[in-house]
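Colleague: Residue numbers (the numbering used here): 110 to 831.
Here's what the structure looks like:
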């Protein structure tokens, strides 16, 4: 049986001690027990947003009130009197937002929020140095991200024109001042108050008002408007279960190994003097890995909470499956199996990466972007010296890794064996480098970290500096040619190595591990997954939803002129290029990160092992969750009602056997795509199917046979069971 680690009770903890008996029973500290109680409660309360508090049933004000009330209750339960800071920081920032000129409001809010946060960081280091107990600084760091990103979005919407904004800034621009209820609900909503993740203001308001869901999957996008089926909002149950299971697995691994590799032992003289350098490397790598699983557990559970409330939906993939990764903070497999530092950075603390890019890197001169981004990231974490050692070391090794990759990678691409060898080697090296660079982050102390680095003989620092300054003079790197990608960006390509292509117009020095997402890669902003794409403007949300008034200014104080700047008129083709999804406007989707063969194959292996579990979850969800229009049920409906008329056609079209009975209605869209009259679609329906739809027709017939054998009851598109 798993023996939980014995956590030391912290006398400085101000939260509730009601469940001290439970903490003693399970062997955890009371602060961790309180955190788990709140997060588990939030997971179940989140489902109310999709049932009793659905936007079609209640007003947005009630949804706002519920979210902020529960959030404040959780804050007081976990932090006691320290919860005053949760109210104090956003209250002061709201006063600044409503009183300051929009031209300077972003700087004023950033200064106020960071000053408040740094004061709390400093106080904690004075009275509770080096403690890992649950502390108010965690929620304040998330709140700081929220209020500063909101202030910059207000500045973009009220002052700057669209031609001055990046795609991410255009998406997040706010042209209506938030009311007090909207603002404090955004800051305090219970889904992310304890552990994040960061949700941008526009995404949160669309979630509360019900405008964050697509009306139809992209598979039906070629249907005539009058013939589109009614498709209800997707269920997040499958994604939630998968993330909760992943969170529990990460918690198990953390509790299993944290007592085997405790971080505090790295400070002991016995460890410093009586162990070999190889063992020190191994211990540093394992200790930091164990700590990472604690973050995996918290972030995956927080993401599941948001998804269970309906927050985090990004649309459908090419197969029509719903995606729930808008605000995901971590991609565990891609991080742990990354073959280079850039991929590791891209998949770690993604919310902070988006925040740093949006606030700093895109807005300052390029020559200062990396330095200022690093500075904000480091200060935002606090004043522990170990943080700064990690960021500095990370900047050096990431730069060296990029240069080394350019010098050596192309030499291993001749055969499959050499490519696989290179992938395995770089994956192992990345594990060692992560342990070497990040152990000061968990050790916190300056002298302890320096002593251990000296025991390592600063070997990776020296190797990195040699790679950066000496090796390029003696080793010829991959031949790289300038090419244009058609969007005005200059890209570099090499001898059969297109994956290594990077923009030449940006600084090659990365900011830091937590300033990641490879902030110097501007090309990531140009990549857009098709989430929320081609959403018809005439379609309305469910009955009872409230209209958004994003472009309508509200009454402001007499001494402040806060009129939103109207959007600039743009050509039609330019409007299509605007981002429609926050996550895709800011960062590369997880499945599009620059992963090598080893990482991809390992991920495929793990996904194959979990396929049976996902099929079971999918079957359970489809049988228990009401209101889902299933593909196979739609086919059964057409089979059992062969004479059913399609709405919107002249006299209707009989779906009998002579006209491809049982086919989905989107097959008829080929008539409209050819520019023919819908009223004469019957005569031209069969030939396109024979010429262009053979593969799809075969798939339809196979599904029909499987459904008939299973005797699944048909469900009509209007939601009434047969």
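Glycine included, C-beta positions come from ideal geometry on N, C-alpha and C.
With respect to the alpha helix (DSSP H) encompassing residue 266, which residues constitute its N-terminal and C-terminal limits?
Modeller: Note, residue 266: alpha helix (DSSP H), 246 to 267.
Colleague: Rounded to the nearest angstrom, how far is the Cβ of residue 367 from that of residue 399, given a contact under 8 Å?
Modeller: 5 Å
Colleague: Where does residue 556 land, buried or exposed, given buried means 16+ other C-beta within 10 angstroms?
Modeller: exposed
Colleague: Any contact between the region 514 to 531 and the region 468 to 486? By contact I mean 3 or more CB pairs, one from each, below 8 Å.
Modeller: no
Colleague: Return the CA-CA distance between residue 164 and residue 547, expressed in angstroms with no decimal places.
Modeller: 44 Å
Colleague: Leaving aside the five residues before and after residue 415 along the sequence, list all residues of the same chain whose C-beta is less than 8 Å from its C-beta, in chain order.
Modeller: 155, 300, 301, 306, 308, 421, 436
Colleague: May I ask which residues mark the beginning and end of the alpha helix (DSSP H) holding residue 415?
Modeller: 386 to 417
Colleague: Can you name, in chain order, every residue of its own chain whose Cβ lies under 8 Å from the Cβ of residue 353, other than the five neighbours on each side?
Modeller: 152, 409, 410, 413
Colleague: With C-beta atoms as the reference, is residue 246 less than 8 Å away from residue 229?
Modeller: Going by beta carbons, residue 246 and residue 229 fall inside the 8 Å limit.
Colleague: Candidates 207, 121, 142: which alpha carbon is nearest residue 127's?
Modeller: 142
Colleague: If you count every other CB in all the chains shown that lies within 10 Å of the CB of residue 524, and 16 or more means buried, which is it?
Modeller: exposed
Colleague: Where does the unbroken alpha helix (DSSP H) through residue 342 begin, and where does it stop?
Modeller: Note, residue 342: premise wrong, no alpha helix (DSSP H); not H, not E.
Colleague: By how many angstroms is the C-alpha of residue 167 removed from the C-alpha of residue 316?
Modeller: 13 Å
Colleague: Between which two residues does the alpha helix (DSSP H) harbouring residue 446 extend?
Modeller: Here residue 446 belongs to no alpha helix (DSSP H), and DSSP marks it neither H nor E.
Colleague: Taking the DSSP output, what are the residues bridged to residue 431?
Modeller: 425
Colleague: Run through DSSP, which three-state label would residue 463 get?
Modeller: helix
Colleague: Which of helix, strand or coil does DSSP assign to residue 438?
Modeller: Looking at residue 438 - three-state DSSP - the assignment turns out to be coil, as it is neither helix nor strand.
Colleague: If residue 122 sits next to residue 140, beta carbons under 8 Å apart, how far is it from one beta carbon to the other, in whole angstroms?
Modeller: 5 Å
Colleague: State yes or no: is the C-beta of residue 281 within less than 8 Å of the C-beta of residue 262?
Modeller: yes
Colleague: Rounded C-beta distance between residue 363 and residue 243? I'm assuming under 8 Å.
Modeller: 15 Å between Cβ atoms; not a contact.
Colleague: Determine the closest residue to residue 567 out of 552, 506, 522, 520, with distance taken between C-alpha atoms.
Modeller: 506
Colleague: On a CA-only basis, which of 379, 375, 401, 402 is nearest residue 390? Give me that one, please.
Modeller: Of the candidates 379, 375, 401, 402, the residue whose Cα lies closest to the Cα of residue 390 is 375.
Colleague: For a test of the three-state rule: what should DSSP assign to residue 284, helix, strand or coil?
Modeller: coil
Colleague: DSSP three-state label for residue 489, please.
Modeller: Residue 489 falls in the helix class under three-state DSSP.
Colleague: Can you tell me where the alpha helix (DSSP H) holding residue 202 begins and where it ends?
Modeller: 193 to 208
Colleague: By Cβ distance below 6 Å, which residues in the same chain neighbour residue 773 in space, the five residues on each side in sequence not counted?
Modeller: Legend: pLDDT at residue 773 = 35, less than 50; position of this residue unreliable, value from coordinates given subsequently. Counting only Cβ-Cβ distances below 6 Å, and skipping sequence neighbours, we find nothing.
Colleague: Using beta-carbon positions only, say whether residue 498 and residue 239 come within less than 8 Å of one another.
Modeller: no
Colleague: Using the three-state DSSP reduction, which class does residue 298 fall into: helix, strand or coil?
Modeller: Residue 298 sits in coil when the DSSP states are folded into three classes, being neither helix nor strand.
Colleague: Which whole-angstrom value describes the C-beta separation of residue 349 and residue 417, a residue pair presumed to lie in contact below a C-beta threshold of 8 Å?
Modeller: 5 Å
Colleague: Just how far apart, CA to CA, sit residue 519 and residue 467?
Modeller: Straight across, the Cα-Cα distance linking residue 519 with residue 467 is about 33 Å.
Colleague: Do residue 441 and residue 503 count as a contact pair if the criterion is CB distance below 8 Å?
Modeller: no
Colleague: In terms of residues, what are the limits of the alpha helix (DSSP H) holding residue 148?
Modeller: Element bounds for residue 148: 139 to 155.
Colleague: Who are the Cβ neighbours of residue 313 in its own chain at under 6 Å, not counting the five residues just before and after it?
Modeller: 295
Colleague: Judging by CA-CA distance, which residue of 544, 460, 181, 479 is the nearest neighbour of residue 393?
Modeller: 544
Colleague: Out of 266, 291, 444, 148, point me to the one whose CA is closest to residue 210's CA.
Modeller: 266
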